[in-house]
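Colleague: First the structure, which I've put down as structure tokens, then a few questions once you've had a look.
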Amino acid sequence: MRWYYKLPLRLRSLFREDKAELDLSDELQFHLQNQIDEFVAQGMNPQQARRAARQSLGGIEQVKEECRDARQVNFIENFLRDVRYGLRMLRRSPGFTVLTILCLTLGIGANAAVFSWVEGILFRPYPLVSHQERLVALSGTAGDDRDETSWPDLLDLERSCTLCESLFISKITGATLGIGERAQVLTGSIVSANYFDVIGVHPILGRGFEPGEDAGRNAHPVVVISYHLWQTRFKGDPEIIGTTQRFNNVVHTIIGIAPEGFYGTFVGRGMEFWVPASMLEALDAGGDKLEDRGARWAEAYVRLKPGVTRNQAQQEISAIAARLEAEYPATNRGRGFKVWPLWQTPFNHAGELLPTFEIMVVVVMFVLLIVCANVGNLLLVRSFARRHEMTVRLAMGADRGRLLRQLLTEGLVLSACGAAGGMLMAYWCRHALVLLFPVRGGNVMYLPGQIDGRVLGLIAAICLVVTLAIGLVPAFQTRHLALAETLKTGTAAVVGAHGRALFRSSLVVLQVTLGFILLVGAALLMQSLRKIRTTSPGFSTTRVFDTWIPLAAAGYDAPRAKTFQDELIQRVRALPAVEAAAYARVVPLGYIPFSSTPIAVDGYEPQPNEQPSAEYNEVSPDYFATMGIPLISGREFTRADDENAPRAVIVNQSMIARYWRGQNPIGQRLQVKGGWVQVVGIVQDSKYYSLDETPRPFFYVPLRQYFDIEPQIHIRTTQPLQSIQTALIREVRALDPNLALYEMITLQEQVNRSTSPQLVAVTLVALFGGLALLLASIGLYGVMSYAVSQSTRELGLRMALGASTSNVLRLVLSRGLLLTTTGIIIGIALALLLTRLLGNLLYQVSPRDPLAFAAAFVVMTFASAAACFLPAWRATRTDPIQALRAE
Amino acid sequence: MAKPTDLVQGTLDLLILRTLALQPMHGWGIAGRIRQVSKEVLQVHQGALYPALHRLEQQGWIRAKWGESENNRRAKYYSLTPDGAKYLRQEQAQWKRLSSAIGLVLEMS
Numbered sequence: 001m002r003w004y005y006k007l008p009l010r011l012r013s014l015f016r017e018d019k020a021e022l023d024l025s026d027e028l029q030f031h032l033q034n035q036i037d038e039f040v041a042q043g044m045n046p047q048q049a050r051r052a053a054r055q056s057l058g059g060i061e062q063v064k065e066e067c068r069d070a071r072q073v074n075f076i077e078n079f080l081r082d083v084r085y086g087l088r089m090l091r092r093s094p095g096f097t098v099l100t101i102l103c104l105t106l107g108i109g110a111n112a113a114v115f116s117w118v119e120g121i122l123f124r125p126y127p128l129v130s131h132q133e134r135l136v137a138l139s140g141t142a143g144d145d146r147d148e149t150s151w152p153d154l155l156d157l158e159r160s161c162t163l164c165e166s167l168f169i170s171k172i173t174g175a176t177l178g179i180g181e182r183a184q185v186l187t188g189s190i191v192s193a194n195y196f197d198v199i200g201v202h203p204i205l206g207r208g209f210e211p212g213e214d215a216g217r218n219a220h221p222v223v224v225i226s227y228h229l230w231q232t233r234f235k236g237d238p239e240i241i242g243t244t245q246r247f248n249n250v251v252h253t254i255i256g257i258a259p260e261g262f263y264g265t266f267v268g269r270g271m272e273f274w275v276p277a278s279m280l281e282a283l284d285a286g287g288d289k290l291e292d293r294g295a296r297w298a299e300a301y302v303r304l305k306p307g308v309t310r311n312q313a314q315q316e317i318s319a320i321a322a323r324l325e326a327e328y329p330a331t332n333r334g335r336g337f338k339v340w341p342l343w344q345t346p347f348n349h350a351g352e353l354l355p356t357f358e359i360m361v362v363v364v365m366f367v368l369l370i371v372c373a374n375v376g377n378l379l380l381v382r383s384f385a386r387r388h389e390m391t392v393r394l395a396m397g398a399d400r401g402r403l404l405r406q407l408l409t410e411g412l413v414l415s416a417c418g419a420a421g422g423m424l425m426a427y428w429c430r431h432a433l434v435l436l437f438p439v440r441g442g443n444v445m446y447l448p449g450q451i452d453g454r455v456l457g458l459i460a461a462i463c464l465v466v467t468l469a470i471g472l473v474p475a476f477q478t479r480h481l482a483l484a485e486t487l488k489t490g491t492a493a494v495v496g497a498h499g500r501a502l503f504r505s506s507l508v509v510l511q512v513t514l515g516f517i518l519l520v521g522a523a524l525l526m527q528s529l530r531k532i533r534t535t536s537p538g539f540s541t542t543r544v545f546d547t548w549i550p551l552a553a554a555g556y557d558a559p560r561a562k563t564f565q566d567e568l569i570q571r572v573r574a575l576p577a578v579e580a581a582a583y584a585r586v587v588p589l590g591y592i593p594f595s596s597t598p599i600a601v602d603g604y605e606p607q608p609n610e611q612p613s614a615e616y617n618e619v620s621p622d623y624f625a626t627m628g629i630p631l632i633s634g635r636e637f638t639r640a641d642d643e644n645a646p647r648a649v650i651v652n653q654s655m656i657a658r659y660w661r662g663q664n665p666i667g668q669r670l671q672v673k674g675g676w677v678q679v680v681g682i683v684q685d686s687k688y689y690s691l692d693e694t695p696r697p698f699f700y701v702p703l704r705q706y707f708d709i710e711p712q713i714h715i716r717t718t719q720p721l722q723s724i725q726t727a728l729i730r731e732v733r734a735l736d737p738n739l740a741l742y743e744m745i746t747l748q749e750q751v752n753r754s755t756s757p758q759l760v761a762v763t764l765v766a767l768f769g770g771l772a773l774l775l776a777s778i779g780l781y782g783v784m785s786y787a788v789s790q791s792t793r794e795l796g797l798r799m800a801l802g803a804s805t806s807n808v809l810r811l812v813l814s815r816g817l818l819l820t821t822t823g824i825i826i827g828i829a830l831a832l833l834l835t836r837l838l839g840n841l842l843y844q845v846s847p848r849d850p851l852a853f854a855a856a857f858v859v860m861t862f863a864s865a866a867a868c869f870l871p872a873w874r875a876t877r878t879d880p881i882q883a884l885r886a887e
Numbered sequence: 888m889a890k891p892t893d894l895v896q897g898t899l900d901l902l903i904l905r906t907l908a909l910q911p912m913h914g915w916g917i918a919g920r921i922r923q924v925s926k927e928v929l930q931v932h933q934g935a936l937y938p939a940l941h942r943l944e945q946q947g948w949i950r951a952k953w954g955e956s957e958n959n960r961r962a963k964y965y966s967l968t969p970d971g972a973k974y975l976r977q978e979q980a981q982w983k984r985l986s987s988a989i990g991l992v993l994e995m996s
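Protein sequences, first through last, are from chains A and B. The numbers in the numbering used here rise by one with no breaks, and the one at position 884 of the first sequence is 884. The numbers in the numbering used here rise by one with no breaks, and the one at position 3 of the second sequence is 890.
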């Protein structure tokens with residue numbers, strides 16, 4: 001029961017500090033009084049007695065301090081006192097405080113924001129989904145390439161996998177909802193029936209899917225809609241469950257509302273609806289694929305059992321894949337599965353953003369280092385000003401540990417303020433990443449940052465490290481304090497002054513170095529972006545416009561759509577200033593994948609494990625003329641290439657090189673989707689998925705022979721966007737007043753959108769590079785101003801001896817530029833090693849590109865010259881007489 | 888006068904507790920009593936006495952109360968708590984074992 005005695009004491013020491021102090025003082029006073037009495041009794045006079053008594057106690061203040069230490073709360077007490085003291089010190093120099101906290105806020109905030117993005121987009125990307133730490137993505141493989149998976153394969157895998165707790169399918173899809181001025185296309189997911197149960201998300205109204213609802217062709221037209229859709233399109237109608245709604249012109253019953261804050265399982269997009277896999281055909285026109293083991297369309301996630309590693313799961317899943325391969329050689333030869341950590345998920349935006357984030361983590365660390373160096377420098381200047389105070393405290397008997405603790409506490413106060421500011425910054429920026437991505441068809445990217453316990457922990461850790469870094473810098477200086485000299489000299493040069501200057505200079509060099517490296521990175525990325533943007537995609541971009549008309553949602557069937565398409569294209573071609581127009585199922589460099597098929601080529605012997613396949617586009621007559629893709633030989637498709645004509649195909653150059661060894665293939669045969677077709681033309685290679693891809697075999701088939709109800713329409717014209725759009729809407733309405741256009745863009749816009757990851761990387765690195773430049777300049781400015789103010793005497797003397805203004809200017813500038821040059825030289829050496837990290841983000845730019853290095857050099861030099869100029873100018877204003885008299 | 892023996896680290900606590908086991912006492916009294924009982928051999932360094940008292944109080948072995956001293960001054964009286972008494976008994980036994988063991992070693996010939 002000792003706490004019974006202890007607790008009140010502790011509380012008293014903490015909260016009744018004055019009382020405790022008074023008691024202590026009384027107690028010692030009593031002791032002294034008795035001692036004095038005793039000495040007097042021994043025959044001393046009262047004054048002697050008093051002095052002797054004090055001596056025998058050995059310094060009242062020291063005893064008191066020891067007593068305070070004995071009360072263990074001293075630690076907390078001191079801490080609180082230090083905090084109070086630190087706050088008072090900071091309040092006394094608001095300029096310094098604001099600057100420091102601002103720097104720290106930027107540094108910590110940049111880290112916090114990037115970590116919250118990494119957490120919210122890569123590590124825990126799916127809000128409300130339970131146990132994401134055990135979730136892995138599952139894709140198919142074809143040889144070394146990634147492929148989608150087929151439904152029967154996944155069902156077999158789910159049955160046989162013992163290490164998997166559950167497997168669910170979630171495939172992104174789109175559906176047109178309602179028709180108005182402009183059709184709204186919603187993004188949603190085709191999922192397996194176990195979806196909501198497995199991810200642990202329960203609809204707030206209605207129900208999720210029931211087992212078996214994912215089986216049977218078009219058997220279960222039910223849909224769960226997002227909270228957002230419910231609120232915006234259905235005004236939060238509580239009676240909505242059980243009502244019907246057309247999705248892609250198929251009537252679906254709304255059976256549930258997903259909870260608020262649930263955005264589905266696709267990095268980069270918020271899902272608006274979920275339908276069971278049985279409705280695949282209605283949403284993804286391509287026939288019923290549920291029974292077809294060869295039809296690969298699905299994307300899946302696996303939740304591993306607790307304690308199972310990805311490797312173990314991969315081994316078991318590979319074994320299952322091998323069994324399927326043996327059992328179904330016709331469809332599964334050379335096919336396998338691969339599990340991916342969520343942050344590498346290949347079928348959403350995670351994989352695409354990963355390299356950018358890897359760079360960002362390094363970049364913000366650099367920024368943080370620069371900030372620490374900067375703040376350390378500011379604190380050094382201040383510690384010089386406080387040297388006197390520290391010395392006095394040491395002389396008064398404060399031990400160095402105590403002083404150190406106090407300096408660290410001040411550092412903590414600063415970094416805690418910075419961390420709080422940084423957190424606020426991260427909170428504001430958590431959705432900012434989206435702003436860097438273009439809006440596509442009214443659909444905004446969904447890239448939320450998440451500030452959870454792990455991010456907070458990381459920020460706390462950063463805060464601690466920063467505290468140590470900036471607290472220890474001045475502490476390092478007090479190490480050298482020599483009591484007597486410092487007390488004597490006051491402001492003049494002191495012991496360690498040279499060391500201090502060197503230390504400060506090296507902090508500046510560090511900042512310049514890091515800033516330079518970031519500038520090189522930014523310059524490299526900018527050049528890469530420029531290269532990408534000037535790369536020819538192999539088709540015209542500026543004068544070709546692209547859009548599509550949602551016919552399926554308007555109730556068109558294939559025959560009606562064919563008529564409509566024919567009539568529309570004739571009307572469009574008749575428009576003034578339209579040079580050509582054509583349909584194609586897929587627009588290149590978009591997110592909609594091309595069709596893909598196993599192929600066979602006459603005279604081509606595949607390797608034993610090879611299952612040749614290629615991707616293709618379904619295009620109408622005049623496609624190549626419209627797109628500006630040069631026809632090398634043979635012919636374009638014509639209106640004669642319709643359902644009744646023999647099937648025809650046009651191949652690209654890479655296809656010839658791969659399958660015909662460069663021989664002219666015109667007239668040769670190619671097997672597409674199990675039927676033989678004849679090659680009628682050869683076109684030049686172009687870019688299909690991304691600008692930085694390597695040439696790939698590709699071919700085109702006539703749209704009429706492989707019909708799609710909602711193709712893209714490409715129009716080549718000299719008119720601006722607005723007028724061609726108006727004209728097109730007019731023609732469409734003339735045919736059917738109920739129809740609307742989807743978003744119309746130029747192909748250049750399409751190209752730009754496809755390079756948005758690179759744009760994001762450039763923007764972020766340039767942003768932080770600029771920040772680093774600014775901070776480094778401030779650091780340089782600080783050091784140079786301080787150096788000038790400390791060497792007034794030297795400058796005064798020089799001027800008195802006849803140095804001209806320009807001499808002084810040159811002197812100061814050259815000192816500053818010496819620091820910069822040192823920093824840049826180290827920076828060049830390090831950058832040569834580090835820029836390789838940019839790897840995949842660089843397109844046709846060497847990581848050692850001299851132009852980028854030169855640009856960074858020029859920018860850095862100019863910035864530091866600017867930073868040095870003001871102190872140098874101030875130095876020329878030194879009044880020699882004053883400067884000399886002051887000493 | 889022979890130099891008073893420095894107190895072995897930790898024994899000061901023991902002496903204080905032992906002294907307080909007899910009756911509540913203030914710091915000055917404790918110092919005097921230890922000196923007196925040990926026949927002037929053990930000289931408590933006064934600077935060390937008060938921190939030790941505060942430490943013991945903090946640990947709950949002793950508690951303090953303000954009272955009147957013999958010469959009518961306000962003094963802080965320390966007394967042993969039940970826990971402190973128990974602790975003292977343990978420490979005393981420990982000390983005896985230790986000192987007799989040291990004695991045995993020293994008298995070995």
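C-beta atoms are modelled at their ideal positions from N, C-alpha and C, and glycine is treated no differently.
Phe39 of chain A touches chain B at which residues, Cβ-Cβ below 9 Å?
Modeller: If you number the first sequence from 1, residue 39 of chain A lands on position 39. Within 9 Å Cβ-Cβ: nothing; Phe39 of chain A doesn't reach chain B, min ~13 Å.
Colleague: Do you know whose CA, among A:Ala321, A:Arg293, A:Gly188 and A:Ala137, lies nearest Leu157 of chain A's CA?
Modeller: The residue you call residue 157 of chain A lines up with position 157 of the first sequence. Nearest of A:Ala321, A:Arg293, A:Gly188 and A:Ala137 to Leu157 of chain A, Cα basis: A:Ala321.
Colleague: Can you tell me whether Val845 of chain A is helix, strand or coil according to DSSP?
Modeller: Translated into the one-based positions of the first sequence, residue 845 of chain A becomes position 845. Of the three classes helix, strand and coil, the one that applies to Val845 of chain A here is coil, per DSSP.
Colleague: What is the residue span of the beta strand (DSSP E) that Leu154 of chain A lies within?
Modeller: Here residue 154 of chain A corresponds to residue number 154 of the first sequence, with the count starting at 1. Taken as a continuous stretch (DSSP letters only), Leu154 of chain A belongs to no beta strand (DSSP E), being part of the alpha helix (DSSP H) at Trp151 to Ser160.
Colleague: Any idea what DSSP makes of Ser192 of chain A, helix, strand or coil?
Modeller: Here residue 192 of chain A is taken as the residue at index 192 of the first sequence, counted from 1. Coil.
Colleague: Once the 5 residues before and after Arg146 of chain A are set aside, which same chain residues still bring their CB inside 6 Å of it?
Modeller: One-based indexing of the first sequence puts residue 146 of chain A at position 146. Contacts found: Ser139 and Pro346.
Colleague: What's the call for Trp230 of chain A, buried or exposed, on a 16-neighbour Cβ count within 10 Å?
Modeller: Sequence index remark: in the first sequence, residue 230 of chain A carries index 230 (1-based). The residue is buried, with at least 16 neighbouring Cβ atoms inside 10 Å.
Colleague: Counting only Cβ pairs nearer than 9 Å, list the residues of chain A close to Tyr937 of chain B.
Modeller: Numbered from 1 along the second sequence, position 50 holds the residue referred to as residue 937 of chain B. Ordered by position in chain A, the residues that pass the 9 Å Cβ test against Tyr937 of chain B are Leu24, Glu27, Leu28, His31, Leu57, Val63, Lys64, Glu66, Cys67 and Ala70.
Colleague: Can you tell me which of A:Ala727, A:Arg661 and A:Asp452 puts its alpha carbon nearest to the alpha carbon of Gly603 of chain A?
Modeller: Translated into the one-based positions of the first sequence, residue 603 of chain A becomes position 603. Checking every option, the nearest Cα to that of Gly603 of chain A belongs to A:Arg661.
Colleague: Determine whether the Cβ of Met995 of chain B lies closer than 8 Å to any Cβ atom of chain A.
Modeller: Translated into the one-based positions of the second sequence, residue 995 of chain B becomes position 108. So, not an interface residue.
Colleague: Can you tell me the Cα-Cα spacing of Leu529 of chain A and Gln758 of chain A, whole angstroms?
Modeller: Residue numbering aside, residue 529 of chain A sits at position 529 when the first sequence is read from its first letter. Residue numbering aside, residue 758 of chain A sits at position 758 when the first sequence is read from its first letter. Cα to Cα, the separation comes out at about 6 Å.
Colleague: Grouping DSSP H, G and I as helix and E and B as strand, with all else coil, what is Tyr937 of chain B?
Modeller: Taking the first residue of the second sequence as position 1, residue 937 of chain B is located at position 50. Here Tyr937 of chain B sits in helix by DSSP.
Colleague: Please report the straight-line C-alpha distance between Arg269 of chain A and Arg585 of chain A, rounded to a whole angstrom.
Modeller: As a working mapping, residue 269 of chain A is identified with position 269 in the first sequence. As a working mapping, residue 585 of chain A is identified with position 585 in the first sequence. So the alpha carbons of these two residues sit roughly 23 Å apart.
Colleague: By Cβ distance below 8 Å, which residues in the same chain neighbour Arg874 of chain A in space, the five residues on each side in sequence not counted?
Modeller: Taking the first residue of the first sequence as position 1, residue 874 of chain A is located at position 874. Within the same chain, Arg874 of chain A has close Cβ partners Ser785 and Val788.
Colleague: Counting C-beta neighbours from all protein chains within 10 Å, is the total for Glu181 of chain A 16 or more, i.e. buried, or is it exposed?
Modeller: Indexing the first sequence from 1 puts residue 181 of chain A at position 181. Per-residue confidence for Glu181 of chain A stands at a pLDDT of 49, beneath the threshold of 50, marking its modelled position as unreliable; the derived number appears in the next sentence. Per the 10 Å Cβ criterion, exposed.
Colleague: If the criterion is Cβ atoms closer than 8 Å, does the pair Glu148 of chain A and Arg296 of chain A meet it?
Modeller: As a working mapping, residue 148 of chain A is identified with position 148 in the first sequence. As a working mapping, residue 296 of chain A is identified with position 296 in the first sequence. Closer than 8 Å, so yes.
Colleague: Under 8 Å, do Leu834 of chain A and Gln527 of chain A count as touching if we go by C-beta distance?
Modeller: On the first sequence, residue 834 of chain A is found 834 positions in, with the first residue counted as 1. On the first sequence, residue 527 of chain A is found 527 positions in, with the first residue counted as 1. Not closer than 8 Å, so no.
Colleague: Establish whether the CB of Asn34 of chain A and some CB of chain B are separated by less than 8 Å.
Modeller: For this step, residue 34 of chain A is matched to residue 34 along the first sequence. Closer than 8 Å to some Cβ of chain B, the Cβ of Asn34 of chain A qualifies, so yes.
Colleague: Could you work out which residue in A:Gln42, A:Ala49 and A:His31 is closest to Ala962 of chain B when comparing CA atoms only?
Modeller: Position 75 of the second sequence holds residue 962 of chain B. That would be A:His31, whose Cα lies nearest to the Cα of Ala962 of chain B.
Colleague: So, using beta-carbon positions, are Ile632 of chain A and Ile682 of chain A closer together than 8 Å?
Modeller: The sequence position of residue 632 of chain A within the first sequence is 632, counting from 1. The sequence position of residue 682 of chain A within the first sequence is 682, counting from 1. The answer is yes: Cβ separation under 8 Å.
Colleague: Is the separation between the beta-carbon of Asp521 of chain A and that of Val760 of chain A shorter than 8 Å?
Modeller: Numbered from 1 along the first sequence, position 521 holds the residue referred to as residue 521 of chain A. Numbered from 1 along the first sequence, position 760 holds the residue referred to as residue 760 of chain A. It should be pointed out that residue 521 of chain A corresponds to Gly in this sequence rather than to Asp. No; because the gap between Cβ atoms is not below 8 Å, this pair is not in contact.
Colleague: Output yes or no for whether 8 Å exceeds the beta carbon distance between Val350 of chain A and Val267 of chain A.
Modeller: In the first sequence, counting from the first residue as 1, residue 350 of chain A sits at position 350. In the first sequence, counting from the first residue as 1, residue 267 of chain A sits at position 267. Residue identity differs from the one stated: residue 350 of chain A is Ala in this sequence, not Val. Yes.
Colleague: Would you mind giving the Cβ-Cβ distance between Pro606 of chain A and Met655 of chain A, rounded to the nearest angstrom? I have them listed as a contact below 8 Å.
Modeller: Position 606 of the first sequence holds residue 606 of chain A. Position 655 of the first sequence holds residue 655 of chain A. Actually they are not in contact, since the Cβ atoms of Pro606 of chain A and Met655 of chain A sit about 15 Å apart, beyond 8 Å.
Colleague: So what does DSSP say about Ser650 of chain A, is it helix, strand or coil?
Modeller: Residue mapping note: residue 650 of chain A aligns to position 650 of the first sequence, counting from 1. According to the sequence provided, residue 650 of chain A is Ile. The question's Ser does not apply to it. Correct three-state label for Ile650 of chain A: strand.
Colleague: Just to confirm, is the Cβ distance from Gly256 of chain A to Gly206 of chain A under 8 Å?
Modeller: Stepping through the first sequence from its first residue, residue 256 of chain A is reached at position 256. Stepping through the first sequence from its first residue, residue 206 of chain A is reached at position 206. A contact, by the Cβ cut-off of 8 Å.
Colleague: Using 8 Å as the cut-off, can you tell me whether the stretch 858-874 of chain A makes contact with the stretch 534-552 of chain A, which would need three or more C-beta pairs spanning the two stretches below that distance?
Modeller: No, the stretch 858-874 of chain A does not touch the stretch 534-552 of chain A.
Colleague: Nearest chain A C-beta to Thr892 of chain B closer than 8 Å, yes or no?
Modeller: Translated into the one-based positions of the second sequence, residue 892 of chain B becomes position 5. With a pLDDT of 47 at Thr892 of chain B, under the threshold of 50, the predicted position of this residue should be treated as unreliable, though the coordinate-derived value follows. Answer no: the Cβ-Cβ gap between Thr892 of chain B and chain A never drops below 8 Å.
Colleague: Could you tell me whether the stretch 108-119 of chain A touches the stretch 365-380 of chain A, where touching means 3 or more Cβ pairs closer than 8 Å?
Modeller: Yes, the stretch 108-119 of chain A is in contact with the stretch 365-380 of chain A.
Colleague: Under a three-way DSSP split, which group does Gly59 of chain A fall into?
Modeller: By 1-based counting over the first sequence, the position of residue 59 of chain A is 59. If DSSP states are grouped into helix, strand and coil, Gly59 of chain A belongs with coil.
Colleague: Output yes or no for whether 8 Å exceeds the beta carbon distance between Glu213 of chain A and Val224 of chain A.
Modeller: On the first sequence, position 213 is the one that residue 213 of chain A refers to. On the first sequence, position 224 is the one that residue 224 of chain A refers to. Their beta carbons are not under 8 Å apart, which means Glu213 of chain A does not touch Val224 of chain A by this criterion.
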